[in-house]
Amino acid sequence: MSLDPTQCKFGKWYAAFETDDPKLRVLLQQAVIPHAKIHELGKTAIELGKSGKKAEAQALIEEHRGTTLSRLVTLLNEAIQQVKDTTRQVVIVLSGDGGLVGICVDSLHSVVQINEQEVQHPDTVGGLKHYEAILGYWPHSQSGVVTCLLDVEKLYPSLSIAEVQ
Numbered sequence: 029m030s031l032d033p034t035q036c037k038f039g040k041w042y043a044a045f046e047t048d049d050p051k052l053r054v055l056l057q058q059a060v061i062p063h064a065k066i067h068e069l070g071k072t073a074i075e076l077g078k079s080g081k082k083a084e085a086q087a088l089i090e091e092h093r094g095t096t097l098s099r100l101v102t103l104l105n106e107a108i109q110q111v112k113d114t115t116r117q118v119v120i121v122l123s124g125d126g127g128l129v130g131i132c133v134d135s136l137h138s139v140v141q142i143n144e145q146e147v148q149h150p151d152t153v154g155g156l157k158h159y160e161a162i163l164g165y166w167p168h169s170q171s172g173v174v175t176c177l178l179d180v181e182k183l184y185p186s187l188s189i190a191e192v193q
């Protein structure tokens, strides 16, 4: 466990996280203060424990369990709910010789025609694991978004058709 709020798993995740959702951004910004306070309380409790004041350390922890920790948990639960409320999964249904296949995605931004010469072979993109169903990557020249191109026939055995809600 790290006593530095920027080095724990949440702190590292938060530092790298970006969102266009203003409500989610505010909820997570509000979580920064109680999150840092929990780490500070951890330092204080450890110091109290080392100096033989274990009862004081325990009392400090219990005092903040219903306030600081409760506030942090509430904010994070609200953030989770915000993501659930604003995320709508889309099923892309593909038809082939083997029947229908549904691929569930978080969003569909656009439908584009891809020039095969622009497709990058999976081995040419550094830092990404190669998976046999990946045909390649296509960088969208205007947005900079990189799209992963999949071989449906290789994916088919592991896919199930999702029910559209």
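First residue of the sequence shown? That's 29 in this note's numbering, and the numbers climb one at a time after it. Just so you know, even glycine gets a beta-carbon here, dropped at the ideal spot from N, CA and C.
Residue i, DSSP secondary structure in three states
i, result
"Pro62", "helix"
"Pro33", "coil"
"Thr115", "coil"
"Ile142", "coil"
"Leu136", "coil"
Counted within 10 angstroms of its Cβ, other Cβ atoms place residue i as buried (16 or more) or exposed
i, result
"His149", "exposed"
"Pro167", "exposed"
"Ile74", "exposed"
"Gly164", "buried"
"Ala59", "buried"
Separation of residue j from residue i, as counted between CA atoms
i, j, result
"Leu104", "Asn143", "43 Å"
"Lys40", "Thr72", "22 Å"
"Gln141", "Thr115", "26 Å"
"Ser171", "Val147", "16 Å"
"Lys182", "Ser98", "47 Å"
"Gly77", "Leu56", "31 Å"
"Ala85", "Arg53", "33 Å"
Inter-residue CB distance, residue i and residue j (contact presumed, cutoff 8 Å)
i, j, result
"Thr96", "Leu69", "7 Å"
"Val119", "Gly130", "5 Å"
Check your understanding: Per the contact definition of three or more C-beta pairs closer than 8 Å, is the segment 107-114 in contact with the segment 46-65?
Key -> Segments in contact, yes.
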